[in-house]
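Residue numbers (this note's numbering), protein chains in the order written: chain A, 1 to 14; chain B, 1 to 256.
No residue lacks a Cβ here, since even glycine has one placed at the ideal position from N, Cα and C.
Since this is a predicted model, take the numbers as computed values, not measurements.
The structure appears right after this line, and notes come after that.
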């Protein structure tokens, strides 16, 4: 099954 | 801060659309307007709202302030406003409360509420400028219908944009389903237009639970814009008047 990614994997903390 | 909105209904609809996704968040106020950015508890989705200063008349914000507000509290107060009421938001420089005043344009009724503010330590994420492979604009109600229909069959949807059109498909225990839309221009009813701008084909899978949640914003705009690129979050955008917007980002499901 496909695995749900986390949004923080794509957008870095500022 | 002093910001007057011609229609309380706008803020009511925005808060109503996001309150199930995020509970406590900062409303960041500066001279360009009021912004909000928050992830949902599971860190799968991100809400980004911008109410530009031009959406208010007048708008004044002398110092940058973050108003930490519990959205369910804000919703309780916003429900006290009539849709057509004029809403004025006010806060001091180092506020303990935010003050909301509702004025009826038809009667002399004036109601006033204060909401206690919270200290919210919120992570702020940088959203990179992205040239998306596919940008689809379509009636917001159509997107809502597709998401609601497909969630009856499956928890995930594959969104596939090609030069043929955009296909929303799912498979679940009872069977499969798919809805395909092609670019479509309706001269008589432009609100029904479907526009697909494609630089390269893209296919991604997303959780329908979140998409159905985003669709609570459908009442804010006739049109929704979906932006997709391989292996980056989906952007679902509802454009508001005066360049204001409500955007949702959703991380994809990846791998087998």
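Cβ neighbours of residue i in the same chain (closer than 6 angstroms, five flanking residues each side left out)
i              : result
residue 44(B)  : 251
residue 210(B) : 45, 250
residue 90(B)  : 2, 99
residue 137(B) : 195, 223, 225
residue 180(B) : 165, 167
residue 233(B) : 249, 250, 251
Interface partners of residue i on chain A, CB under 8 angstroms
i              : result
residue 205(B) : 2
Other residues of its chain near residue i: CB distance less than 7 angstroms, five sequence neighbours each side excluded
i             : result
residue 75(B) : 15, 16, 19
Spatial neighbours of residue i in its chain, beta-carbon cut-off 8 angstroms, leaving aside the 5 residues before and after
i              : result
residue 57(B)  : 4, 6
residue 123(B) : 39
residue 96(B)  : 116, 117
Candidates the options, of which the one nearest residue i by Cα
i              : options                        : result
residue 120(B) : 68(B), 175(B), 22(B), 221(B)   : 68(B)
residue 63(B)  : 140(B), 92(B), 172(B)          : 92(B)
residue 139(B) : 183(B), 54(B), 231(B), 169(B)  : 183(B)
residue 22(B)  : 72(B), 148(B), 128(B)          : 72(B)
residue 268(B) : 197(B), 53(B), 198(B), 83(B)   : With chain B covering only 1 through 256, there is no way to say anything about residue 268(B).
residue 178(B) : 189(B), 191(B), 201(B), 152(B) : 152(B)
Beta-carbon proximity of residue i to residue j, cut-off 8 angstroms
i              : j              : result
residue 9(A)   : residue 126(B) : no
residue 205(B) : residue 221(B) : no
residue 5(A)   : residue 253(B) : yes
residue 85(B)  : residue 103(B) : yes
residue 55(B)  : residue 37(B)  : no
Limits of the unbroken alpha helix (DSSP H) element including residue i
i              : result
residue 14(B)  : 8-18
residue 150(B) : 140-151
residue 210(B) : 208-214
Proximal chain A residues relative to residue i, where beta-carbon distance stays under 9 angstroms
i              : result
residue 124(B) : 13, 14
Closer than 7 angstroms at the beta carbon, the chain A residues around residue i
i             : result
residue 43(B) : 6, 7, 8
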